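Here the structure is laid out as structure tokens; the discussion comes afterwards.
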Amino acid sequence: MATDALRSQVAAKWQESFHRLNSDAPGISGLMNFSEAWAISTQYLYPWDINNASLDGGGKPFGKDLNVARPAFSLVNHSRRLPALLENFLDDMRQNFYLIENEINQFMERYEADEDTAEIDPLITKLMEWYKSWAPPQELGSTFFSSYTLNFQTRLFSALPPSFAHGFKKLCARLLSPPDDDHAQWDPNIHAEVWKNFEILGLIDRYESIIASVGYEFIENHVLSKCTGEWGKPMLEELRVWMSEKVVPWMLHVYARGASNAEEARSMLQGVGSRFDFHINKTLCDLRTREIFDIIIDFPDSMGALQDLKDCLQRVDQRANLVRSLRKSNQKRLLHPGADTKLILQQYVATIKCLRIVDPPGVLLFKVADPIRRYLRERPDTIRSIVANLVGDDDGGDSLVDENEPIQPLQQPEFEDYTDPQWEPEPIDAGPEFRTNKPGDILSTLVSIYDSKDLFVKELQVLLAQRLLMITKDNSDRVERERKNVEILKIRFGEAALQVCEVMLRDMTDSKRIDGHVQSQKESVVHPTIISRHFWPSLESSDMVMPGQFKQLQEDYAHEFNVFKPDKTLKWLPHLGTVQLELELEDRTIEVDVPPLEAAFIELFADQAIWTLDELVKAVGAVDRSAAIKALSTWVDHGVLKEDPENTFRLLERAEEPSEAVVRERDLAALPVVEDTPAISVAQQQQADQMRVYWKFIEGMLTNLEKLPLDRIQSMLKFAPGYDRSIEQLGDFMEAARREGLVVVRDGIWKLNK
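Counting with the UniProt record's numbering, you get residues 1 to 754 for the letters of the sequence shown.
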């Protein structure tokens with residue numbers, strides 16, 4: 001049962017509401033007026049079907065006369081029933097929103113059939129027509145209107161199918177891209193109305209990430225089309241100019257909506273502009289990272305791309321990707337058995353130069369170069385390739401060392417000086433093994449592949465010996481060229497390291513002087529190169545003996561030499577050098593320069609016309625059978641000898657008509673003879689050969705003690721007779737034994753490979 005107080009309170013509320021609605025009119029006339037105003041208001045606001053509506057005489061839907069509805073809105077507002085009117089309106093819109101949904105489905109079905117954006121553009125136009133037709137008048141206030149807009153957008157987003165996002169993206173891309181016709185005038189301002197509709201419908205905020213992706217993809221496509229393979233000039237600034245001309249006007253519609261002046265628009269675009277500039281840098285950086293191997297090959301013509309890469313890496317954190325990409329490309333395209341050592345060295349030098357431009361502190365170079373250096377260290381001909389380039393013995397034409405680079409001594413690794421006022425801490429991405437060093441010259445970097453420069457010095461001695469022994473009386477001026485080379489190398493390696501080379505050069509001068517004296521006493525056709533046995537690299541020995549007149553010439557020359565130098569003895573190396581021959585046969589004369597073995601064989605045929613292979617080999621001493629066959633083939637090719645039957649050779653005093661099989665040999669005598677490289681072992685192989693005499697000692701140690709570190713092996717070998725090798729030389733020998741499968745090493749401990 002209600003109390004009297006409650007009854008009184010309810011009655012008071014009823015009277016207050018009645019008076020508010022009745023407006024103090026007599027009777028219920030005010031209530032009748034409010035009821036009529038409510039009906040007019042709801043009828044005006046009712047969401048009508050714009051495709052099928054009854055029109056009044058003025059061409060408007062019935063009940064849509066604002067002049068009639070305006071007093072009604074005022075009365076409802078005065079009666080404080082506007083919230084109720086809004087709630088009623090939103091409920092009517094909910095019940096009639098199926099009209100819009102049906103229209104959306106019709107457009108989207110047509111779009112999904114052929115994915116033509118021509119269906120998306122009119123759909124947006126139609127949605128705007130629905131939105132404007134259902135929109136309440138401004139007289140109802142901003143709260144009423146914003147509630148309608150929010151409700152309309154929410155229901156619209158729930159009605160749009162998933163395929164709409166794809167179509168909307170294609171439409172945005174079309175609005176951003178210029179027309180295909182190059183002669184058509186493209187003005188982004190003509191799309192201002194479209195973007196305004198997007199904003200009203202809430203599509204810009206709803207699909208902000210999609211719109212941004214359109215801009216990103218547009219930038220990516222332009223960067224890839226304009227910059228791929230274009231390395232000669234920097235492209236970054238050109239791309240930024242393009243963005244300001246083509247992308248920024250588009251951005252104004254999207255991200256600077258409502259800007260009243262240029263300064264306000266610039267402020268609104270600051271954040272998004274920074275993101276788009278970052279994307280230009282990232283896209284260009286990714287492209288150059290993918291191209292980095294070919295950019296290095298094209299250096300120095302690719303300086304523009306390197307400058308772009310340097311600038312982009314300062315903005316984009318892609319250093320790890322660059323290192324990973326370049327190491328992967330090197331492993332796939334460079335560090336494999338099919339690549340020539342010289343090519344690997346050239347690419348390594350180009351990598352050094354390029355990465356010093358991109359990253360002056362050297363962190364990137366340190367990370368990229370390590371696999372290349374380790375691979376080159378395993379290659380047996382790396383030292384020879386570097387040294388050959390140093391002394392100008394490289395026929396490729398591409399020098400590893402820049403001719404414009406000043407000649408300077410080899411630089412040793414420098415320790416950090418923390419008292420230096422110019423000292424800077426190591427870069428943040430530097431590994432624990434990285435040490436900041438001042439950039440040295442290229443040669444110092446190449447030599448640092450190995451722990452000691454002694455290997456290079458020994459190889460220099462070997463290569464210089466080869467070049468000196470190839471000098472003939474016709475090109476004796478090359479001695480001076482070699483002397484100049486040695487003077488340059490002294491600057492790099494030091495005076496002491498090249499003392500042996502000085503002795504070799506002095507031997508060449510002395511040899512010429514001695515030969516001149518001998519020739520003045522007794523003229524001879526023999527012109528030997530006389531060298532000091534103890535200062536020259538070990539030459540390949542041979543038991544070959546020159547027969548006939550050659551032997552007599554050697555003995556005569558040796559006699560005159562002993563007269564001039566009684567304290568010295570000549571030891572001939574008859575398998576080295578070149579012999580100029582003139583063969584007089586019955587019907588022809590042949591002039592040819594040949595190695596001594598070929599001359600020795602043909603000399604034997606002066607005594608008898610037919611020899612077997614075994615007889616020839618026995619007559620000149622113990623020579624390799626394969627070398628003998630090769631030497632005899634030279635005379636067969638010249639038509640001087642004929643093999644018939646197999647391994648039996650006959651002198652042809654009269655030339656035979658050549659068969660088709662040997663017609664290609666007809667003009668061989670006219671071709672220049674290529675001088676064979678003197679049989680001098682490379683420095684590493686020399687050391688290995690000399691060390692083999694100590695292998696039995698090492699094998700015995702590892703057999704008894706199973707495993708030993710290198711320094712322990714060195715200390716035990718010092719008890720072996722005549723052992724005077726350094727631990728570095730021992731390490732080279734053990735590494736050669738490992739490659740032959742004799743030993744294995746793990747964590748610096750060596751043991752036999754059982």
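Ideal placement from N, C-alpha and C gives every residue a C-beta, glycine not left out. The structure presented is a predicted model; accordingly, all values stated were derived computationally and were not measured.
Quiz item: Where VAL662 and ASP637 are concerned, what is the direct C-alpha to C-alpha distance, given to the nearest angstrom?
Solution: Confidence is the limiting factor: at VAL662 the pLDDT is only 42, short of 50, which leaves the residue's position unreliable and the question unanswerable from this model.
Exercise. Pair every Cβ in the segment 332-343 with every Cβ in the segment 309-319, then say whether three or more of these pairs are closer than 8 Å.
Key: At 8 Å Cβ cutoff, the stretches do not touch.
Practice problem: Might you give, ordered along the chain, the residues of its own chain that have their beta carbon closer than 6 Å to the beta carbon of LEU570, omitting 5 neighbours on each side? | Solution: ALA558 and PHE561
Quiz item: Are residue 777 and LEU355 close, meaning C-beta to C-beta below 7 Å?
Solution: Residue 777 lies beyond the residue range present for the chain, which begins at 1 and ends at 754; the question has no answer from this structure.
Exercise. At 4 residues or longer, and completely inside the segment 137-179: list those alpha helix (DSSP H) runs for me, N to C.
Key: 142-159 and 163-176
Quiz prompt | Inter-residue Cα distance where the pair is LYS282 and SER329 | solution = Whole-angstrom Cα-Cα distance: 20 Å.
Quiz item: Using the beta-carbon count (16 or more within 10 Å), is MET32 buried or exposed?
Solution: exposed
Self-check item: Stretch-stretch touch, CB-based, cutoff 8 Å, three pairs: the segment 567-581 with the segment 543-559
Solution: yes
Quiz item: Taking the Cβ atom as the reference point for each residue, do ASP91 and PRO47 lie within a distance shorter than 7 Å?
Solution: no
Quiz item: Who does ARG650 pair with in a DSSP beta bridge?
Solution: ILE610 and LYS642
Exercise. Go ahead and pull the three-state DSSP assignment for GLN580.
Key: strand
Practice problem: Pull up the distance between the alpha-carbon of ALA622 and that of MET544, whole angstroms please. | Solution: 6 Å
Quiz item: Short check: CB of HIS279 to CB of ILE210, under 7 Å?
Solution: no
Quiz prompt | Cutoff 6 Å; reference GLU598; Cβ partners in own chain excluding five residues on either side | solution = ALA631 and THR634
Self-check item: Which of helix, strand or coil DSSP assigns to THR589
Solution: Reduced to three states, the DSSP call for THR589 is strand.
Practice problem: For VAL68, name the three-state secondary structure that DSSP assigns. | Solution: helix
Quiz item: Going by other Cβ atoms of all chains shown within 10 Å of its Cβ, with 16 needed for buried, is ARG513 buried or exposed?
Solution: Its Cβ having fewer than 16 others within 10 Å, ARG513 is exposed.
Quiz item: Which runs of the beta strand (DSSP E) spanning at least 3 residues fall entirely within the segment 512-584, listed in chain order?
Solution: Counting whole runs of 3 or more residues, the segment 512-584 contains the beta strand (DSSP E) stretches 579-584.
Quiz prompt | Minimum C-alpha distance to GLN314 - residue among GLN346, ASP359, ILE296 and ILE200 | solution = ASP359
Exercise. Evaluate the contact criterion for the segment 449-461 versus the segment 491-511: three or more CB pairs, one atom per stretch, below 8 Å.
Key: yes
Quiz item: Taking DSSP as the reference, what is the three-state secondary structure of PRO361?
Solution: coil
Quiz item: Is the distance from the Cβ of GLN323 to the Cβ of LYS367 below 7 Å?
Solution: The displayed chain sequence assigns Val, not Gln, to residue 323. Yes.
Quiz item: What residues in its chain sit with their C-beta under 6 Å from that of ALA173, if we drop five residues either side in the sequence?
Solution: Excluding residues up to 5 positions away in sequence, VAL214 lie with their Cβ nearer than 6 Å to the Cβ of ALA173 in the same chain.
Quiz item: By Cβ distance below 8 Å, which residues in the same chain neighbour GLU480 in space, the five residues on each side in sequence not counted?
Solution: Once the five neighbours on either side are set aside, GLU480 has no close Cβ partner at all.
Quiz prompt | Environment of GLU740 [buried if 16+ CB atoms lie within 10 Å] | solution = exposed
Quiz item: In or out: ILE749 buried (at least 16 other Cβ within 10 Å) or exposed?
Solution: Exposed is the call here.
Quiz item: If you draw a straight line from the C-alpha of TYR131 to the C-alpha of LEU99, how long is it?
Solution: Taking the straight line joining both Cα atoms gives about 12 Å.
Exercise. Sort GLU482, GLN521, ASP614 and LEU239 by Cα distance to ASP507 and report the nearest one.
Key: Cα-wise, what sits closest to ASP507 is GLU482.
Quiz prompt | Alpha-carbon to alpha-carbon, PHE198 and CYS227 | solution = 34 Å
Quiz item: Using the beta-carbon count (16 or more within 10 Å), is PHE564 buried or exposed?
Solution: exposed
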